[in-house]
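One structure is given below, encoded as structure tokens.
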Amino acid sequence: MDTLLKAAITTLALSWCSFVYALHSEQEAAKSESQPATSKTAQQQAKNTQPGVRALARYAEEKQIVEQQELLMKTLQLTPKELVDNFGQKYIGMIVPQPVLIPFLDQFKSLEPDTYAALRRNQIGRDHNLFHVTLVTPPEYKHIDKALLQSLQQQAITVNLIGLGKVAQGASTAYFVVAESSEGQFYRQSLVLGQKDFHVTLGFSPHDIYNTAKNRSTLIFTPPQSDINIPSRN
Numbered sequence: 001m002d003t004l005l006k007a008a009i010t011t012l013a014l015s016w017c018s019f020v021y022a023l024h025s026e027q028e029a030a031k032s033e034s035q036p037a038t039s040k041t042a043q044q045q046a047k048n049t050q051p052g053v054r055a056l057a058r059y060a061e062e063k064q065i066v067e068q069q070e071l072l073m074k075t076l077q078l079t080p081k082e083l084v085d086n087f088g089q090k091y092i093g094m095i096v097p098q099p100v101l102i103p104f105l106d107q108f109k110s111l112e113p114d115t116y117a118a119l120r121r122n123q124i125g126r127d128h129n130l131f132h133v134t135l136v137t138p139p140e141y142k143h144i145d146k147a148l149l150q151s152l153q154q155q156a157i158t159v160n161l162i163g164l165g166k167v168a169q170g171a172s173t174a175y176f177v178v179a180e181s182s183e184g185q186f187y188r189q190s191l192v193l194g195q196k197d198f199h200v201t202l203g204f205s206p207h208d209i210y211n212t213a214k215n216r217s218t219l220i221f222t223p224p225q226s227d228i229n230i231p232s233r234n
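The C-terminal position of the sequence shown is numbered 234 in full-length UniProt numbering, with every residue numbered one higher than the one before it.
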């Protein structure tokens, strides 16, 4: 009998708790519906500023940038040839067709809408309205074995265009496409030359910048780090 009485009391207590909880929930729902829209917006904004939400949004944004950059990446087959700069100095370069650079030029223009024309004008004047990847610089050209050079010139070289890069030094700024080529590095090695940061200059002002890194470390848009910590939603 005592057991049945205890069970009945327990059931009654649970029923009462359920009733109170349901009543409280209805009151909260009614309160929320009558709450001003501005207050709800503020609550939503506060929710969106939580660390987990911010991290997820940042990751999604960076992922989109990476996907856009991957669409810009191109692989080209280019032929080395002897070129001459504005000072009459010879060097070895590979001409890059302008159409493949249009996406990079558009990106460049979007970043420098006010100075784009001036930056481009300097490059056009120096490089005779052409784009190229330098394999052997004018100072290097003076000292290499020309007979060995002739034997290498007929070989097409695979070049990968990676993304838009930028460097600044003093009052000068330069924009370029970062390029990579294992075959290009081997070409230089065959001429007893060291590693080089390959790139395609798009524009500069007032002067181009030399003797500085123009590799992936100078990319304007870089991939998200693989160790990004996405907080748990719990």
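Idealized CB from N, CA, C, for every residue including glycine. Computed from a prediction, not measured in an experiment: that's the story for all the values here.
One or two residues paired with residue i in a DSSP bridge
i	result
Ser205	Thr173
Tyr91	Leu83
Val96	Phe131
Gly165	Phe176, Leu219
Gln77	Thr158
Local conformation of residue i per DSSP, three classes
i	result
Gln155	coil
Asn160	strand
Thr218	helix
Lys142	coil
Tyr213	The sequence shown places Ala at residue 213, rather than the Tyr named in the question. DSSP places Ala213 in coil when its eight states are reduced to three.
Glu112	coil
Gly184	helix
Gly194	coil
Spatial distance of residue i from residue j (CA atoms)
i	j	result
Tyr91	Arg216	24 Å
Ala174	Pro99	21 Å
Phe145	Ser190	This sequence places Asp at residue 145; Phe is not what is there. So the alpha carbons of these two residues sit roughly 10 Å apart.
Leu72	Ile157	20 Å
Gly165	Leu148	33 Å
Gln89	Asp197	20 Å
Lys74	Ala213	21 Å
Gln185	Ala118	32 Å
Gln195	Tyr116	31 Å
Leu130	Asn160	18 Å
Tyr141	Ile220	31 Å
Pro80	Val96	11 Å
Proximity test, residue i beta-carbon vs the ligand SAH heavy atom, cut-off 8 Å
i	result
Leu202	No copy of the ligand SAH occurs in the structure displayed, which carries no ligand at all.
Burial state of residue i, where buried means 16 or more other Cβ atoms lie within 10 Å
i	result
Leu202	buried
His128	exposed
Arg188	buried
Phe104	buried
Ile102	exposed
Gly163	buried
Phe176	buried
Arg121	exposed
Val192	exposed
His199	buried
Neighbour flag for residue i against chain B, beta carbons, 9 Å
i	result
Gln98	In summary, chain B is missing from the structure at hand, where a single protein chain is found.
Practice problem: Examine the Cβ distances between the stretch 143-156 and the stretch 101-120 and report whether three or more of them are shorter than 8 Å. | Solution: Touching, no.
Give a yes or no on contact between the stretch 180-195 and the stretch 206-213, applying the rule of three or more CB pairs nearer than 8 Å. No: the two stretches stay apart, fewer than three of their Cβ pairs being nearer than 8 Å.
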